[in-house]
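4 protein chains.
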Amino acid sequence: MKSKDEQKESTIIRATLQLIFREGLAGLKMSNIAKQASMAVGTLYIYFKNKEDLLNHLFLYFKRESMTQLAQKIDFAQPFKVNFKQLWHNYLAYAVDNPEQATLLEQLHYSPYLRPEVVAETDKLLQPIRDMLDEGKRQMLIKNTDNELLLAFLSGSINQIARRFHENDRKLSPELREQAFDMTWDAVRA
Amino acid sequence: MKSKDEQKESTIIRATLQLIFREGLAGLKMSNIAKQASMAVGTLYIYFKNKEDLLNHLFLYFKRESMTQLAQKIDFAQPFKVNFKQLWHNYLAYAVDNPEQATLLEQLHYSPYLRPEVVAETDKLLQPIRDMLDEGKRQMLIKNTDNELLLAFLSGSINQIARRFHENDRKLSPELREQAFDMTWDAVRA
Amino acid sequence: MKSKDEQKESTIIRATLQLIFREGLAGLKMSNIAKQASMAVGTLYIYFKNKEDLLNHLFLYFKRESMTQLAQKIDFAQPFKVNFKQLWHNYLAYAVDNPEQATLLEQLHYSPYLRPEVVAETDKLLQPIRDMLDEGKRQMLIKNTDNELLLAFLSGSINQIARRFHENDRKLSPELREQAFDMTWDAVRA
Amino acid sequence: MKSKDEQKESTIIRATLQLIFREGLAGLKMSNIAKQASMAVGTLYIYFKNKEDLLNHLFLYFKRESMTQLAQKIDFAQPFKVNFKQLWHNYLAYAVDNPEQATLLEQLHYSPYLRPEVVAETDKLLQPIRDMLDEGKRQMLIKNTDNELLLAFLSGSINQIARRFHENDRKLSPELREQAFDMTWDAVRA
DNA sequence: AATGAATGAGGCTTCATTCAT
DNA sequence: GATGAATGAAGCCTCATTCAT
Numbered sequence: 094m095k096s097k098d099e100q101k102e103s104t105i106i107r108a109t110l111q112l113i114f115r116e117g118l119a120g121l122k123m124s125n126i127a128k129q130a131s132m133a134v135g136t137l138y139i140y141f142k143n144k145e146d147l148l149n150h151l152f153l154y155f156k157r158e159s160m161t162q163l164a165q166k167i168d169f170a171q172p173f174k175v176n177f178k179q180l181w182h183n184y185l186a187y188a189v190d191n192p193e194q195a196t197l198l199e200q201l202h203y204s205p206y207l208r209p210e211v212v213a214e215t216d217k218l219l220q221p222i223r224d225m226l227d228e229g230k231r232q233m234l235i236k237n238t239d240n241e242l243l244l245a246f247l248s249g250s251i252n253q254i255a256r257r258f259h260e261n262d263r264k265l266s267p268e269l270r271e272q273a274f275d276m277t278w279d280a281v282r283a
Numbered sequence: 094m095k096s097k098d099e100q101k102e103s104t105i106i107r108a109t110l111q112l113i114f115r116e117g118l119a120g121l122k123m124s125n126i127a128k129q130a131s132m133a134v135g136t137l138y139i140y141f142k143n144k145e146d147l148l149n150h151l152f153l154y155f156k157r158e159s160m161t162q163l164a165q166k167i168d169f170a171q172p173f174k175v176n177f178k179q180l181w182h183n184y185l186a187y188a189v190d191n192p193e194q195a196t197l198l199e200q201l202h203y204s205p206y207l208r209p210e211v212v213a214e215t216d217k218l219l220q221p222i223r224d225m226l227d228e229g230k231r232q233m234l235i236k237n238t239d240n241e242l243l244l245a246f247l248s249g250s251i252n253q254i255a256r257r258f259h260e261n262d263r264k265l266s267p268e269l270r271e272q273a274f275d276m277t278w279d280a281v282r283a
Numbered sequence: 094m095k096s097k098d099e100q101k102e103s104t105i106i107r108a109t110l111q112l113i114f115r116e117g118l119a120g121l122k123m124s125n126i127a128k129q130a131s132m133a134v135g136t137l138y139i140y141f142k143n144k145e146d147l148l149n150h151l152f153l154y155f156k157r158e159s160m161t162q163l164a165q166k167i168d169f170a171q172p173f174k175v176n177f178k179q180l181w182h183n184y185l186a187y188a189v190d191n192p193e194q195a196t197l198l199e200q201l202h203y204s205p206y207l208r209p210e211v212v213a214e215t216d217k218l219l220q221p222i223r224d225m226l227d228e229g230k231r232q233m234l235i236k237n238t239d240n241e242l243l244l245a246f247l248s249g250s251i252n253q254i255a256r257r258f259h260e261n262d263r264k265l266s267p268e269l270r271e272q273a274f275d276m277t278w279d280a281v282r283a
Numbered sequence: 094m095k096s097k098d099e100q101k102e103s104t105i106i107r108a109t110l111q112l113i114f115r116e117g118l119a120g121l122k123m124s125n126i127a128k129q130a131s132m133a134v135g136t137l138y139i140y141f142k143n144k145e146d147l148l149n150h151l152f153l154y155f156k157r158e159s160m161t162q163l164a165q166k167i168d169f170a171q172p173f174k175v176n177f178k179q180l181w182h183n184y185l186a187y188a189v190d191n192p193e194q195a196t197l198l199e200q201l202h203y204s205p206y207l208r209p210e211v212v213a214e215t216d217k218l219l220q221p222i223r224d225m226l227d228e229g230k231r232q233m234l235i236k237n238t239d240n241e242l243l244l245a246f247l248s249g250s251i252n253q254i255a256r257r258f259h260e261n262d263r264k265l266s267p268e269l270r271e272q273a274f275d276m277t278w279d280a281v282r283a
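Chains as they are written, first to last, in this note's numbering: chain B, 94 to 283; chain R, 94 to 283; chain X, 94 to 283; chain H, 94 to 283.
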């Protein structure tokens, strides 16, 4: 027998992503995914129950991947602000370098495909960041404000910045990034 | 298309809105719009060339309406910060009170329906706000930073705050709103 | 507008029947029904919710039609046995002349398509025959036996006779029909 | 195909039977048969050329089994009517006790799966019964009528009785069975 | 022989758009 | 202008069969 190829699942997800980038979520067809992944349509249904299931897995897969990117060069031995700044820049860099991915996650989030339970599960991935914010508050370096407010502030502004600049075909120079970070820090500092 | 009956056009747009709010953009069908608007499908095609055309009109219609909400109680005779704060609260209130609308605009924005020219046209609606930010800079009250950055910062954070709280079924108390505004003001102040 | 053509429903049903006769229930495809009925597939779905619905209507339609055939030349002014014999011959004639139809109804009956409620409804159509049997019992002309037993006896034997002869490509001569009726009458007579 | 493991063939047929009883012929899938038989799909194709082949074997297997049931307690040393009655009761008991089996054979019979040659072969199994009828005629105990007519009469009525009572969830009491046999005997007796 | 992943033709159904009335 | 029945392209998914292991 041909044993169920574990990596085929990832092949399918990557193929799907490429297609969504190229043609949008609305134009996504199972038959094209199969073509892009060089396999038969039926094979997709061996690894995913249906289109909805595939997209839910895709969502989770990329949310996890993005969290990995965010955690780069974060070292809890370092002072809070150093880590905060690193995290912020990681996030911005990710959002800038993968503009379609952010858009995709957003699109999926509000599509009829995504199951609430999957959304809830991705939310848990943010826990390390919540912990970090708590630590900042303990050290009285940042405002003692509701975590959800802080998170919304951080993610909302970063995403929107990356998006607007991408839409207008503008580059985000290091200087602009620095200015943006300063605004963020001024916003959250105690 | 484009008949004398100007009001029917608006009826269709309103009916479409209600449907999108109730069932989402993805499930939107011309036949249902017709039903909701109490007319025949064919009639829709007298007033709008096709579904795409209808949704582009809807987007514009809607963006204009939201700008009207934002401008409430703004009076250029007042000091900058008063107006800035009022604008910020107007925006947040609008985003909180109409959580589906923000989502709708987002969904539409990234759907294959929306024509770039329409997106560009709605962007012009922000000009008064850009002017206001310029005035703030002239008075050296806010940072002398790129307007797109400032706008992204403002809209991104506000939308995200409204959205997260709506998703988690949490109320945004006046205290939290005040804290959020303080963060924003700290971020932009000179 | 083109007003919903009442007779189109019957056109579809007749087209479906012809197809089932030609290619069997198992090979029945909606696209072929449309072709046979000279209309677009979509049109089928205006008149019937789906394939199952179409087949349920078909079942009812033909059960009713067959009952009409059975009732021919039945006149309650005539003596019981005359009517009984006429009914029996009508039934046999119908089963012989429409061998596919009997088979179809049987096939449908045991297919996953047929809804129990529709089966129940067709059963009600037999009431006039039950009444007739009761009258025969009242006149002490036939055995005072359970109606279901009598009905099963009558319909089962007639259908099977028509079927076997049709399968073996044999004609049912008037003599054989007379013999068969005699057997039936001997079976039920008091 | 046709391997040494004769028993596996029977395992597959039994598994198929159970599935058809439980879920009907229309929903029968090769993958489910494999699951029910605790083997891989591929294995089915070692023992049977394809689905059609499997179902033809099943039909034959089954017809033979039912004939065995019918022959129980038949002893040619006994008088004709005793055997006839025994046969009739055997048949009815079988049809009543295995209501799905009769239906299955019927369904299969009119499915596109069954090959005519197999149907013809099963018909040969009826020869002992035909012989018995001939003997009855020779002894002038039953009508001198066409055997096909007699067979159709017998099988059609019995099957239909069993079916109707099963559908209506009614029990066939010994009294009713006796009445039914009396009708049959009156029908065929000379 | 046994396995079960892979294949892909083909079925049912939806829905934007057209057009006869 | 208004209507809504008619159209048919196109998408999702199933499942009998194959074949590499």
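For glycine and all other residues, C-beta sits at the position ideal for the given N, C-alpha and C.
Relative to E260/X, the option among A245/H, D279/H and E145/H whose CA is nearest is A245/H. In the three-state reduction of the DSSP assignment, I235/H falls in the strand class. Under the three-state reduction of DSSP output, R208/R falls in the coil class, being neither helix nor strand. Looking at the DSSP output, R282/B bridges to I235/B. If you draw a 10 Å sphere on the C-beta of A195/B, you find 16 or more other C-beta atoms in it, and that means buried. When rounded, the separation of the alpha-carbon atoms in M233/X and M276/H is 15 Å. For the set E228/R, L243/R, T104/R and R257/R, the Cα lying nearest the Cα of F173/R is the one of E228/R.
Beta-carbon to beta-carbon, S204/H and Q253/X are separated by about 19 Å, too far to satisfy the 8 Å threshold. In the DSSP assignment, I113/B falls within the alpha helix (DSSP H) that extends over E99 to E116. For I254/B, the chain R residues whose Cβ falls inside 9 Å of its Cβ are E241, L242, A245, F246 and G249, in order along the chain.
When the beta-carbon positions are compared, L242/X and A273/H come within less than 8 Å of each other. Residues of the same chain with a CB within less than 6 Å of the CB of F177/B, apart from the 5 flanking positions on each side, do not exist. Listed along chain H are S204 and P205, each with a C-beta nearer than 7 Å to that of A119/X. DSSP, read as helix, strand or coil, puts F141/H in coil. Judged by their CB atoms, T215/H and L121/H are not nearer to each other than the 8 Å cut-off. For L163/R, the CB contacts under 7 Å within the same chain, skipping 5 residues up- and downstream, are L180, N183, Y184 and Y187 in chain order.
L218/B carries a coil assignment under DSSP once its states are collapsed to helix, strand and coil. Taken atom to atom, the span from the alpha-carbon of A119/X to that of K217/X is near 28 Å.
Within the same chain, Cβ atoms closer than 6 Å to the Cβ of F114/R are found at E193, the five residues on either side in sequence being excluded. The criterion of a C-beta distance shorter than 8 Å is satisfied by L148/H and L207/H.
According to the DSSP assignment, I251/B belongs to the alpha helix (DSSP H) that extends over N240 to E260. By the CB criterion at 8 Å, L151/X and L110/X fall inside the cutoff. Contacts between F114/H and chain X, judged by CB atoms closer than 9 Å, are missing: the closest CB pair is about 12 Å apart. Residue contact check for Q200/R against chain B: a CB pair falls below 8 Å. By the rule that beta-carbons nearer than 8 Å mark a contact, M132/B does not touch chain R. Contact note: N261/H reaches chain X through E241, using a C-beta cutoff of 8 Å and chain order. Around T215/X, no beta-carbon contact reaches into chain H at under 8 Å, the shortest distance being about 12 Å.
Between Y140/X and I126/X, the alpha-carbon positions lie close to 13 Å from each other. For N191/X, same chain residues with a beta-carbon under 7 Å away, outside a window of 5 residues either side, do not exist.
Annotated three-state conformation of I167/B is coil, per DSSP. Taking E271/H as the centre and dropping the five residues before and after it, the same chain places no C-beta closer than 8 Å to its C-beta.
Annotation for M123/H: the continuous alpha helix (DSSP H) segment containing it runs M123 to Q129. The beta carbon of V281/B sits closer than 8 Å to some beta carbon of chain R. The three-state secondary structure of A119/R, taken from DSSP, is coil. Secondary structure at Y203/B: coil, using DSSP grouped into helix, strand and coil. In terms of beta-carbon proximity, F258/H lines the interface with chain X, with at least one pair separated by less than 8 Å.
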